[in-house]
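When we follow UniProt numbering, the leftmost residue of the sequence shown carries the number 1, and every step to the right adds one.
Heads up, the thing below is written out as structure tokens.
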Amino acid sequence: MAWSHSFRSGVARAGDFLRDHQRAIRRMQWAIVLVYIVLLAIPAAMPLPDRTASVFNNLTVFAQFAFWGIWWPFVLVSIPLFGRAWCGLFCPEGALTEWASRHGRGRAIPRWMRWGGWPFVAFSLTTIYGQLVSVYQYPWAVAAVLGGSTVAAMIVGWLYGRDKRVWCKYLCPVNGVFNLLAKLAPWHYRVDAAAWRAPVRRIESINCAPLLPLRNMQGAAECHMCGRCSDYRGAIALTPRSPEAEIVHVAEGSGWQTALIVFGLMGLAVGAFLWSASPWFVSIKQSAATWLVGHDIYWPLADNAPWFVLTHYPDVNDSFSWLDGTVILLFIGGAAVIVGGAVFCGLWLADRILPPAGRPGVRDADGRLLRSRLAGVHKLAQGLIPAAGVGVFLGLSATTLTLLQHEGVPTGWANPVRFTLLVLALAWSLRFEWRLAGLRTPQPLRRLGAVMLVAAGLLPFCWAWVLFFVRW
Numbered sequence: 001m002a003w004s005h006s007f008r009s010g011v012a013r014a015g016d017f018l019r020d021h022q023r024a025i026r027r028m029q030w031a032i033v034l035v036y037i038v039l040l041a042i043p044a045a046m047p048l049p050d051r052t053a054s055v056f057n058n059l060t061v062f063a064q065f066a067f068w069g070i071w072w073p074f075v076l077v078s079i080p081l082f083g084r085a086w087c088g089l090f091c092p093e094g095a096l097t098e099w100a101s102r103h104g105r106g107r108a109i110p111r112w113m114r115w116g117g118w119p120f121v122a123f124s125l126t127t128i129y130g131q132l133v134s135v136y137q138y139p140w141a142v143a144a145v146l147g148g149s150t151v152a153a154m155i156v157g158w159l160y161g162r163d164k165r166v167w168c169k170y171l172c173p174v175n176g177v178f179n180l181l182a183k184l185a186p187w188h189y190r191v192d193a194a195a196w197r198a199p200v201r202r203i204e205s206i207n208c209a210p211l212l213p214l215r216n217m218q219g220a221a222e223c224h225m226c227g228r229c230s231d232y233r234g235a236i237a238l239t240p241r242s243p244e245a246e247i248v249h250v251a252e253g254s255g256w257q258t259a260l261i262v263f264g265l266m267g268l269a270v271g272a273f274l275w276s277a278s279p280w281f282v283s284i285k286q287s288a289a290t291w292l293v294g295h296d297i298y299w300p301l302a303d304n305a306p307w308f309v310l311t312h313y314p315d316v317n318d319s320f321s322w323l324d325g326t327v328i329l330l331f332i333g334g335a336a337v338i339v340g341g342a343v344f345c346g347l348w349l350a351d352r353i354l355p356p357a358g359r360p361g362v363r364d365a366d367g368r369l370l371r372s373r374l375a376g377v378h379k380l381a382q383g384l385i386p387a388a389g390v391g392v393f394l395g396l397s398a399t400t401l402t403l404l405q406h407e408g409v410p411t412g413w414a415n416p417v418r419f420t421l422l423v424l425a426l427a428w429s430l431r432f433e434w435r436l437a438g439l440r441t442p443q444p445l446r447r448l449g450a451v452m453l454v455a456a457g458l459l460p461f462c463w464a465w466v467l468f469f470v471r472w
């Protein structure tokens, strides 16, 4: 159809526009870097705001709202809408690490950095540490978490690669999350294999900062959507697609991606967002404190940890004891095991009732497709990306709502919207499970059984968010 061809041509021209305006994009990135540094550094040097401080009259509160009320929740939303355009066009950390790499040592990327578990480990450690130091409330904690990450990104950039984003590809704490969510994007840079083999234009080399193998690039998971490769060799073009295409037809998943989805985004993150509103947390802490006092053990009740280890702001009567920190860790770890474990069990049982999943493209000497014991689980786990992503957004947006309430903005609309988002995300995930099961069997009853088992595994995840919405 003419309108379809016109639309696809318009999308391709958008990619060319980004390619042709790289200098303007870099200038915009440096402006964002400047704003980022101001919001990071100046509040950390100011006194803590009092209860009357507002986003309109206090830079610390404004920075808090900018970082946690707008930036992180809606960057998360942007990824399934536009791919990783945030990474390629706007991220101050990415711009700084690439700049450092341009002027740095240019060493080879070490083997330890290529370990596939870093996205899960970096996300988990950053999430837990942020809760221990109250990163959503205090500018020193923000400087430690975000500023520390930025300094690390620049050091890695200066040491490794040349004009690359080594940090972004391997060590960034949100790289794994963005990788997953970008699979839902309705656009990607598509590579025409025939055109690549017989190039007609743009054959000079280009710099792919996130280190993608352009010739074999599939999907949007790792692409930063910067536009530099648009029309390269006359073979690469920004192209619309179904938001379900990559998960169903391209992504196979892996053990570490499954861990990030199931135990990270759907388990650990739930515990991180819920502990402060949970009566279970209070009960566990009170029981532990009673036991400690009864045995004349008092040091865990002291709140003398420095602010960069545990929250310590006595001027505003907010300090964590060693017991607080321990129970927070136990609560978050327990949520990861209980909620994530239930989700994993649902996926495992669903995989058991479906025909075996093969390891793509891997065959034995006789040509028989090799079987990977958990390959099917990993593929099914990809279908939970919508639910996992919305769960993290709901948790981050709770800070947005708290800040809006502080400014006197009515938030009665929030719970219906949150319930709706959760239901739609769960429905989309279950639709994915239906389609993924259909790749392995045409039998409707087996497909339905697999979907129902996954749905059963999601019940603790759903219940946790319902409790959070009604504040227990």
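The beta carbon of each residue, even a glycine, is placed where N, CA and C say it ideally should be.
Paired residues, beta bridge with residue 187 - DSSP: 240
Check residue 454 in the structure and name its three-state DSSP category. helix
Going by other Cβ atoms of all chains shown within 10 Å of its Cβ, with 16 needed for buried, is residue 362 buried or exposed? In this prediction, residue 362 scores a pLDDT of 45, lower than 50, which makes its location untrustworthy; the coordinate-derived value is nonetheless stated afterwards. Counting Cβ neighbours within 10 Å, residue 362 comes out exposed, since fewer than 16 surround it.
Would the C-beta of residue 387 count as close to the ligand GDP, meaning under 7 Å from any of its heavy atoms? Annotation note on the ligand GDP: not contained in the displayed structure, which lists no ligands.
Excluding the five sequence neighbours on either side, which residues of its own chain have a C-beta within less than 6 Å of the C-beta of residue 76, listed in chain order? 393
I think residue 43 touches residue 60, with their Cβ atoms under 8 Å apart; what is that distance to the nearest whole Å? 4 Å
Does residue 406 come out as helix, strand or coil in the three-state DSSP assignment? helix
Under 8 Å by Cβ, that's how I've got residue 266 and residue 337 pegged, so tell me the actual separation to the nearest angstrom. Actually they are not in contact, since the Cβ atoms of residue 266 and residue 337 sit about 12 Å apart, beyond 8 Å.
Which value, in whole angstroms, describes the spacing of the CA atoms of residue 120 and residue 263? 9 Å
Can you find at least 3 beta carbon pairs, one from the region 409 to 418 and one from the region 376 to 384, that sit closer than 8 Å? no
If we call anything under 8 Å between Cβ atoms a contact, is residue 374 one with residue 433? no
Is it true that the region 290 to 307 meets the region 237 to 247, where meeting means three or more beta-carbon pairs spaced less than 8 Å apart? no
I'd like to confirm the pairing. Which residues does DSSP put opposite residue 107 in its beta bridges? 160
Distance, residue 348 Cα to residue 183 Cα: 22 Å
If you draw a straight line from the C-alpha of residue 285 to the C-alpha of residue 35, how long is it? 40 Å
Sort out for me which residues DSSP pairs residue 312 with in a bridge. 319
Member of 67, 173 and 231 whose CA lies at the smallest distance from the CA of residue 199: 231
Ordered along the chain, which non-local residues of its own chain (more than five positions away) have a Cβ less than 7 Å from that of residue 321? 300, 301, 302 and 303
I'd like the span of the alpha helix (DSSP H) that includes residue 170, first residue to last. 166 to 170
What number of angstroms, rounded off, separates the C-alpha of residue 368 from the C-alpha of residue 357? In this prediction, residue 368 scores a pLDDT of 48, lower than 50, which makes its location untrustworthy; the coordinate-derived value is nonetheless stated afterwards. Rounded to the nearest angstrom, the two C-alpha atoms are 13 Å apart.
Okay, do the region 127 to 142 and the region 222 to 230 touch, 3+ Cβ pairs below 8 Å being the bar? no
Hey, could you find the ends of the alpha helix (DSSP H) residue 224 is sitting in? Looking at the DSSP string, residue 224 is not in any alpha helix (DSSP H), and its letter there is neither H nor E.
Short check: CB of residue 399 to CB of residue 68, under 8 Å? yes
Reduced DSSP category for residue 91 - H, G, I as helix; E, B as strand; rest coil: coil
Would you call residue 118 buried or exposed, if buried means 16 or more other Cβ atoms sit within 10 Å of its Cβ? buried
Once DSSP output is grouped into helix, strand and coil, what is the label at residue 208? coil
When the Cα atoms are used, what is the spatial distance from residue 331 to residue 253? 28 Å
Reference residue 269, options 58, 126, 313 and 55, closest by Cα: 126
Cβ pair residue 189, residue 217 closer than 8 Å: yes
Test item: CB-CB of residue 123 and residue 32 under 8 Å: no
Let me make sure I understand the geometry here. Which of 351, 283 and 238 has the alpha-carbon closest to that of residue 449? 351
Cβ-Cβ distance between residue 165 and residue 210 below 8 Å: yes
Residue 441 versus residue 452 - alpha carbon distance: 15 Å
If you drop the 5 nearest sequence neighbours on each side, which residues of the same chain put their C-beta closer than 7 Å to that of residue 40? 142, 143, 146 and 147
Contact under 8 Å by Cβ, residue 131 with residue 272: yes
Here's the rule I'm using: 16 or more other beta-carbon atoms within 10 Å means buried, otherwise exposed. How should residue 215 be labelled? exposed
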